[in-house]
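Structure first, then comments.
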Amino acid sequence: MSRQATPRGRFFWVNAMKRRDFLKSAVPLMAVPFCLEGFPLASSAATGGALDRVLVVVQLSGGNDGLNTVIPLDQYAAYNSLRSNISIPQDQVLPLDGVAGLHPAMTGMKILYDSGKLCIVQGVTYPNPNLSHFRATDIWLTAADYNQELHSGWLGRYLIYEWPGYPEGFPNAAMPDPLALQIGSVASLGFQGPAQSTAITIQNPNTFYSLVSGSSSGGQDEVPPTTAGLELLYVRRVADQSMSYASQVKKAADRAQNRSTLYPAAGQNTLADQLKIVARLIAGGMKTRVYLVNLGGFDTHSNQVVAADRTTGTHAALLGKLAGAVRAFVDDLELLGCDHRVIGMTFSEFGRRVASNASLGTDHGTAEPVFLFGTMVRPGVVGATPDLLDLSGGNLKMQFDFRSVYAAILGQWFGVDQAGMDATLLRGFPSLNLIRLPRQLPRRRPAVQRIL
Amino acid sequence: MRPKHHPDMNGVFQAGEPRVPAGLEPYQGPWNAQTAAHLLRRTIFGPTKSEIAFAASRSLEGVIAQLFQEQPPPPLPVDPTTGLTWIGNVFDSASDSRYQGYLKSWWMGLMATQGISLRERMVLFWHNHFPTGYQTVPDSRFLYRQNALFRSFAFGNIKELVKAVTVDPAMLYYLNGYRNRGDGNNTPDENYGRELQELFTIGKGPQIGPGDYTHYTEQDVKAAAHALTGWRAKGYRIPDDPNIDPYFWQQWHDTKDKVFSEAYQNTVISGGSDGARELNDLIEMIFRQPETARFLCRKLYRWFVYYEIDAAAEENVITPMADLLRGNNYEVRPVLEALFRSSHFYDVNNIGCMIRNPIDLIAGTLRRLEIPLPAPESQAAAFYPLMASLVNTAATLQMNLMEPPDVAGWPAYYLSPEFHRLWLNTITLPSRWAYTDSLVNGLRAAGSTYAVDVIAMAKQVSVPVEPKVLISEWAQILFPFGPTADQLEYLDRSVLIPGLPDYEWTQYWASYVADPNNTQKRSAVTTRLAALLKFMMRMAEFELS
Chain X
53 MSRQATPRGR
63 FFWVNAMKRR
73 DFLKSAVPLM
83 AVPFCLEGFP
93 LASSAATGGA
103 LDRVLVVVQL
113 SGGNDGLNTV
123 IPLDQYAAYN
133 SLRSNISIPQ
143 DQVLPLDGVA
153 GLHPAMTGMK
163 ILYDSGKLCI
173 VQGVTYPNPN
183 LSHFRATDIW
193 LTAADYNQEL
203 HSGWLGRYLI
213 YEWPGYPEGF
223 PNAAMPDPLA
233 LQIGSVASLG
243 FQGPAQSTAI
253 TIQNPNTFYS
263 LVSGSSSGGQ
273 DEVPPTTAGL
283 ELLYVRRVAD
293 QSMSYASQVK
303 KAADRAQNRS
313 TLYPAAGQNT
323 LADQLKIVAR
333 LIAGGMKTRV
343 YLVNLGGFDT
353 HSNQVVAADR
363 TTGTHAALLG
373 KLAGAVRAFV
383 DDLELLGCDH
393 RVIGMTFSEF
403 GRRVASNASL
413 GTDHGTAEPV
423 FLFGTMVRPG
433 VVGATPDLLD
443 LSGGNLKMQF
453 DFRSVYAAIL
463 GQWFGVDQAG
473 MDATLLRGFP
483 SLNLIRLPRQ
493 LPRRRPAVQR
503 IL
Chain C
5 MRPKHHPDMN
15 GVFQAGEPRV
25 PAGLEPYQGP
35 WNAQTAAHLL
45 RRTIFGPTKS
55 EIAFAASRSL
65 EGVIAQLFQE
75 QPPPPLPVDP
85 TTGLTWIGNV
95 FDSASDSRYQ
105 GYLKSWWMGL
115 MATQGISLRE
125 RMVLFWHNHF
135 PTGYQTVPDS
145 RFLYRQNALF
155 RSFAFGNIKE
165 LVKAVTVDPA
175 MLYYLNGYRN
185 RGDGNNTPDE
195 NYGRELQELF
205 TIGKGPQIGP
215 GDYTHYTEQD
225 VKAAAHALTG
235 WRAKGYRIPD
245 DPNIDPYFWQ
255 QWHDTKDKVF
265 SEAYQNTVIS
275 GGSDGARELN
285 DLIEMIFRQP
295 ETARFLCRKL
305 YRWFVYYEID
315 AAAEENVITP
325 MADLLRGNNY
335 EVRPVLEALF
345 RSSHFYDVNN
355 IGCMIRNPID
365 LIAGTLRRLE
375 IPLPAPESQA
385 AAFYPLMASL
395 VNTAATLQMN
405 LMEPPDVAGW
415 PAYYLSPEFH
425 RLWLNTITLP
435 SRWAYTDSLV
445 NGLRAAGSTY
455 AVDVIAMAKQ
465 VSVPVEPKVL
475 ISEWAQILFP
485 FGPTADQLEY
495 LDRSVLIPGL
505 PDYEWTQYWA
515 SYVADPNNTQ
525 KRSAVTTRLA
535 ALLKFMMRMA
545 EFELS
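The listed protein sequences correspond, in order, to chains X and C. 53 is the number of the first residue of the first sequence in our numbering; add one for each residue after it. 5 is the number of the first residue of the second sequence in our numbering; add one for each residue after it.
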C-alpha cells in the first residue's frame, strides 16, 4: 500500500449536512492566523485553512452532574423536589436564556456566554446509555453504539484519515509536529488509530525535552518473530517518537508565553495548568490538530454539596475550576491572536441520576450538557432543558446523540468531506449546527501585535 | 467478547490462528536458566543472577513450592523518626499524611527486599483488583488493614476475600458503603453494588438491552446495593477510638426482600435484619455463576501471562483455569500452580512479551543490580526515605501505590487494545531511562547515595575479561531474550569500548585486576561498565519481561 503523507482535500459541511464550499471567503477571515509571536502559519494558504484549526477536548472524568451544572430553571419545582438535599437555590443560579442557568461557581462560563463564546448542547448521550464509568468512557472516546465494541478512537480515525500511513514517514515537512497531543500520562483511547496511537503524551514541554536529550536508544535491529518481538517493536517506536518530537514541542513552547492574567497560580487548578501549556504550544506554531486535557473527580456519589450551603462542596469546586480555566484559556487565545483557529469542547462519560441519594450525592446517570467554547462557536443553548417529568428508569432521556456533536466539529470546524465523515463516525449522524459562519464573527478584540 | 489479535499481530499470526496453541497441560520441556528466569521474572521482583542459578538447579515443582511457601507476616510499618508503629493507635490527624508516606514506603520495601516468593506480587494484584486510594480514604490505618488483608489472602480463597473486602473498612469508605442506607425513604448508594459486579467478580458482558449487561442488570446493581445497606466502620479519622472494625447498623438496613434479575436466575435474597447473612447470600449467588470464575481467571492471566486472550487461550487456558477454581471452591493457589507449570506459560510466544509495570521495573531493577540497601528495621531512618523516593518514581511512571487512577485499577490491565503498552509513552519511557540511569549514577536519599557496584557486577561474570561474554551474561540478568549478534557487536564496539578493538577491554580489565587499589585504573573500567549498563537498560529489551 502506498503511504500518503500529504493531507487530503476537504470541504466544509454546515447547516445540517448541507454542503457549502465557502473556503474562498473563509480563508482571509479565519485562516490566516497571526499568532502573537508573529509568524503566520505557513501551511494555511496551501491547505485552504481547515488544517490549521485546532480542537481542544476537555474530559471531565467521573460523570459530571449535568443537572447541577446547567440548572433547568423552567422546571425548578420538579428539580428541587427530586433532589432537595443537593439542589442549587433558585436565586443563586446564574441565569442564561431565562430557561436554563449555570451553577453559581461557573461565573467564568457565564462571562463567556454573555460575550458570545459559549455554546451549550443539552441532553447529550446515546441510545441505551451504559452506566459503567469504563464502558461509557470507551463509548464516548470510540464513538461506538451501546452494543458495539470499537478498538480505535474517533479522533484517531479522523487523524489517520487526514494523514494516512502515520506514523511511518512522520514527522515530515508537511507535518513536523505530533498529530495530537495529550497533557497527561496515559494515552487516551480517543487517539487510538487502527494500529497505534496518533497522539504523544507530555506533562510539560521542558521536562519532556530534558528527559530524552542525550538518549541513544531506539535502534532498528531485527526482532524475533514472536509476540515478544511485536512488543519490542512497540517499545522502540515509543522511544523513537520521544526523541523525534521532543525538540519540536520544546521549540514551540519556548516561542510563546501566556498572556492572560486570569489563570490562577500554578498548582491551584490542574485544568488551568494544562490549558496554559496548550495555549503556548498553539501560539508557538505547533500544527498539532487536537489536544486532550482532563479534570477528574466528578464521581460525586456522596458529599457533592455541603449541606449547610448547597452552592459549595466538591462539585462546586470542580465547576469553579472548569469555568475559571476555560475562561482564562479563551482570554489567553485572544491575547495571543489565536482564538479564531481554536475551539474547545467538554464531555463527561455520563451525567448523573436525577434524584439524589441519601449521601448528599448522585449515582450514575445518562444525558449531560456538553459545552463548546471559543470565538468560533455558535453561541447559545441548543435544545430544551431535560424533561424532569419524562424519565427512563430515573434517568434523563436523550435529546442529542453525542456523535451529532462530533459530526458538527468534523464537518463545520475541520471541514471534513463525506468520506472522512464515514471513516471517522462509521455511519451517518445528523449534524448539529454549532460553529459560526464567517459573517457571524464577533468583533475582534485588538490583539497586542508584535511582528518579529 | 473476545478481542481479535492486536492489529500489530498481523503478519506474525494469521486471523484465527492461535497465538499460543498450547494449553494448561503440564510443560514437558527442559528446565534450565532460561525457563527458570522466565518463571521468576513473572512471579517475583528481580530476579538476581544467583536466584536464577538457584531456581535452575532445582526442579520446576521445587521452585513452585518455594513461591507458594507461607511466610510469616512482615513486621508492622514504623515511623522512621521514632522507630515505633502507629498501627493500632487512634487516628492522629497531625501525622497521618506522614504515616501514609511511611506506609507506602514500607510496602515498597517489602517488594524490594523479598526473595523467591509470590506473596508481594499477589498483594499488588489484589490492590489492582480491589483498588483503594488515600485521596478518598485519608486514614493510613484503614489502608494498612486492607493491605494486610490482601497479604493474608495472597493466594487464598477468592470468594472469602470478596466477602471480607465487601465490609473492609477502607473499601466501605472508598465506595461509599458506609453511607449506604435503605431505611425509610432513603435511596441506597449504588457505588459498591455496581463495582462489586462489574469489576470485582462477574464482570460486565455486552450490553444487550437497556440496563442489561448480560451477566447482570441495573436491577441487580440496585438489589445488591439494597442487600448491603447498613454496613459501617468505626473510628474513621476519629482521635478517640483505635477500633476500626466494620459493623452492621441494623437501623439503616433495608429489610425488604431483594429481587435479582434473570441473569441471577431471579434469585430472591430474603430481607430481615441479619446483614451478615444477606452479604453472604449475595456473594454466594454471584459465585454460583460460572462467568465469575472465568472473569477472575482472565484477570490473573493478564497479570501473569499476556494481555491478549484469543479464542484458543480462552478455551485451552481460561476455561480449565476456571474449572480448577470452581473445583477447588475458589482457592487461587491450585489455579496459579497449574498455570506456572503449564506448557502454555513456557511457550516461546509467552516469554518476554510483557511490558514491565513500574513497580516491577523499580523494585525488580534494584534487586537485579543487587544494590545494597539499609536494613528496614534497624536502619529505618535511612531505609524509609530511600523507599519513599522509589514510591515517587513509581508515581511518575503512573503506578502510584495506594492511589490507583480509579476503581478499575490501572488501565494496563483492562483497557483494550493497548493494555500493558499503556505503561509506555513518550513521557514515561524517558522517565524510566532517568530512573535506571540514576541507579548507575547514584540515587540520593536522606543524605546517602545508592548505586550499583558495576565492578562487582562484572566480577559475577564467568569471564569478565572477554567483552562479549560480559555483555551476554549481563543480558541474561537484564533482558528476557537477546542480544542479537548485531546488538552484541554494537554493545561491544560502540558502547563498551567505542572505536577500539576487543583487546583494549581485555587490557583495561586485566590491568585493573592486577592493581585493584589504583584509582585511575579502577575508574577507567568503572566508566566503561557504567556506560554499558546504562545503555543496556535504555534498550527496548529491558522493558520486557
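Heads up, the beta-carbon is just placed ideally off N, CA and C, and yes, glycines get one too.
On the DSSP bridge assignment, give the partners of residue i in chain order.
i: Tyr516 (chain C); result: DSSP output for Tyr516 (chain C) lists no bridge partner at all.
i: Val173 (chain X); result: X:Val422 and X:Val434
i: Arg404 (chain X); result: X:His416
i: Val357 (chain X); result: Looking at the DSSP assignment, Val357 (chain X) forms no beta bridge with any residue, so it has no partner.
i: Pro124 (chain X); result: X:Ala152
i: Glu335 (chain C); result: C:Asn161
i: Ile359 (chain C); result: C:Leu548
i: Pro147 (chain X); result: X:Gly153
i: Ser346 (chain C); result: C:Pro30
Please report the residue range of the beta strand (DSSP E) in which residue i lies.
i: Val394 (chain X); result: Val394 to Ser400
i: Leu154 (chain X); result: Ala152 to Leu154
i: Gln111 (chain X); result: Val106 to Leu112
i: Asn232 (chain X); result: Sequence inspection shows Ala at residue 232 (chain X); the Asn mentioned does not correspond to that position. It spans Ala232 to Ile235 - the beta strand (DSSP E) in which Ala232 (chain X) sits, taken as one unbroken run.
i: Thr364 (chain X); result: Counting along the chain, Thr364 (chain X) falls outside any beta strand (DSSP E), and DSSP gives it neither H nor E.
i: Phe252 (chain C); result: Pro250 to Phe252
What residue range is occupied by the uninterrupted alpha helix (DSSP H) comprising residue i?
i: Glu124 (chain C); result: Arg123 to His133
i: Arg236 (chain C); result: Per DSSP, Arg236 (chain C) belongs to no alpha helix (DSSP H); it is in the beta strand (DSSP E), Trp235 to Ala237.
i: Asn132 (chain X); result: Tyr128 to Leu134
i: Val473 (chain C); result: Pro471 to Leu482
i: Phe146 (chain C); result: Ser144 to Ser156
i: Phe186 (chain X); result: His185 to Thr194
i: Ile56 (chain C); result: Lys53 to Ser61
i: Val67 (chain C); result: Leu64 to Leu71
i: Lys538 (chain C); result: Thr523 to Met541
With DSSP as the reference, label residue i as helix, strand or coil.
i: Leu370 (chain C); result: helix
i: Thr221 (chain C); result: strand
i: Ile212 (chain X); result: helix
i: Ile501 (chain C); result: coil
i: Asn447 (chain X); result: strand
i: Ala94 (chain X); result: Summary for Ala94 (chain X): the model assigns pLDDT 32, below 50, so the residue's position carries little reliability; its value from the coordinates is reported in the next sentence. Three-state result, Ala94 (chain X): coil.
i: Ser299 (chain X); result: helix
i: Pro84 (chain C); result: coil
i: His416 (chain X); result: strand
i: Leu43 (chain C); result: helix
i: Gln200 (chain X); result: coil
i: Phe452 (chain X); result: strand
i: Thr253 (chain X); result: strand
i: Ala57 (chain X); result: Summary for Ala57 (chain X): the model assigns pLDDT 34, below 50, so the residue's position carries little reliability; its value from the coordinates is reported in the next sentence. Ala57 (chain X): coil per DSSP, three-state reduction.
i: Asn346 (chain X); result: strand
i: Gln18 (chain C); result: coil
i: Ile163 (chain X); result: helix
i: Val429 (chain X); result: strand
i: Pro487 (chain C); result: coil
i: Ile120 (chain C); result: coil
Give me the Cβ distance between residue i and residue j, rounded to the nearest whole Å; I'm assuming they're in contact under 8 angstroms.
i: Glu199 (chain C); j: Leu179 (chain C); result: 6 angstroms
i: Met541 (chain C); j: Leu482 (chain C); result: 7 angstroms
i: Lys238 (chain C); j: Asp245 (chain C); result: 6 angstroms
i: Trp206 (chain X); j: Gly242 (chain X); result: 7 angstroms
i: Asp410 (chain C); j: Pro22 (chain C); result: That belief does not hold up - the Cβ atoms of Asp410 (chain C) and Pro22 (chain C) are roughly 33 angstroms apart, past 8 angstroms.
i: Ala231 (chain C); j: Leu147 (chain C); result: 26 angstroms between Cβ atoms; not a contact.
**OP:** Taking only runs that begin and end inside the stretch 263–302 of chain C, name each unbroken alpha helix (DSSP H) of 4 or more residues, in chain order.
**Re:** Here the runs fully enclosed are 279–291.
Original post:
What runs of the alpha helix (DSSP H), each 4 residues or longer, lie entirely inside the stretch 370–458 of chain C?
Top reply: Runs found: 384–400 and 432–445.
**OP:** Could you name each continuous alpha helix (DSSP H) segment of 4 residues or more that falls completely within the stretch 158–243 of chain C, going from the start of the chain to the end?
**Re:** Uninterrupted alpha helix (DSSP H) stretches at least 4 residues long and entirely within the stretch 158–243 of chain C occur at 162–170, 173–178, 195–199 and 222–231, given in chain order.
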